[in-house]
Amino acid sequence: SSRRPPKLDLSTCTEVRHAWSPDPLNPMFTGTPLLRQKCEAANAHKSFALIFPKRTVDITAVTADQCKVLMEGFSALCFRLQVANLAGRGGRGRDGVPRQSDEEEVATTTASVTLTNNSTSLPPAVNSRSRR
Numbered sequence: 437s438s439r440r441p442p443k444l445d446l447s448t449c450t451e452v453r454h455a456w457s458p459d460p461l462n463p464m465f466t467g468t469p470l471l472r473q474k475c476e477a478a479n480a481h482k483s484f485a486l487i488f489p490k491r492t493v494d495i496t497a498v499t500a501d502q503c504k505v506l507m508e509g510f511s512a513l514c515f516r517l518q519v520a521n522l523a524g525r526g527g528r529g530r531d532g533v534p535r536q537s538d539e540e541e542v543a544t545t546t547a548s549v550t551l552t553n554n555s556t557s558l559p560p561a562v563n564s565r566s567r568r
């Protein structure tokens with residue numbers, strides 16, 4: 437089909453939630469309703485959700501270590517994009533040159549996220565740090 441996948445503006449991501457984290461809307465449960473419904477118990481330790489105002493995006497990493505790195509990365513990236521939006525950095529850069537359009541910026545972010553998601557192993561330094 438020629439349908440393009442939906443674009444996600446990471447600056448509107450409200451939370452990055454691990455599958456085992458409490459659900460604030462239903463404290464007796466963890467994750468999100470969709471994660472609880474769709475994620476197999478064997479994968480919960482390496483799964484998380486990006487939570488947006490009108491949808492969630494569920495991600496299962498290859499390993500628990502990769503899940504931790506991806507969660508930290510998405511959380512930092514979303515926060516950075518939100519701070520940039522609050523600071524009013526849209527429009528023109530400091531040098532007066534027009535910045536890339538929102539659509540181009542989303543596409544660039546999507547491409548880098550895809551590359552991150554495709555990694556199958558972590559550098560040794562990341563593995564050893566998370567096991568201490």
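Residues in the sequence shown are numbered from 437 upward in steps of one, following the working numbering. Beta carbons are placed, not taken as given, at the ideal position from N, Cα and C, and that holds for glycine. Bear in mind the structure is a predicted one, so any value in this text is a computation, not a measurement.
{"Query": "Beta carbon of Thr492 nearer than 7 Å to that of Thr468", "Result": "yes"}
{"Query": "Residue(s) in a DSSP beta bridge with Asp459", "Result": "Asn462"}
{"Query": "Cβ-Cβ separation, Val452 to Cys514 (assumed contact under 8 Å), whole Å", "Result": "7 Å"}
{"Query": "Delimiting residues of the alpha helix (DSSP H) encompassing Ala500", "Result": "500-522"}
{"Query": "Alpha-carbon to alpha-carbon, Asp494 and Lys482", "Result": "11 Å"}
{"Query": "Through-space distance from Phe510 to Ala523, alpha-carbon basis", "Result": "20 Å"}
{"Query": "Same chain only: Cβ atoms within 7 Å of Asp572, ignoring 5 sequence neighbours per side", "Result": "As shown, the chain starts at 437 and ends at 568. That puts residue 572 outside it, with no answer to give."}
{"Query": "Cβ neighbours of His454 in the same chain (closer than 6 Å, five flanking residues each side left out)", "Result": "Phe484"}
{"Query": "Ala497 and Leu486 closer than 7 Å at C-beta", "Result": "no"}
{"Query": "Same chain, Cβ closer than 8 Å to Trp456, neighbours up to 5 away in sequence not counted", "Result": "Thr466, Gly467, Ala480, His481"}
{"Query": "Cutoff 7 Å; reference Leu471; Cβ partners in own chain excluding five residues on either side", "Result": "Ala455, Ser483, Ala485, Asp494"}
{"Query": "Sequence-distant residues of the same chain with beta carbon closer than 8 Å to Thr450, five excluded per side", "Result": "Ile487, Phe488, Pro489"}
{"Query": "Under 7 Å between C-beta atoms of Leu517 and Leu444", "Result": "no"}
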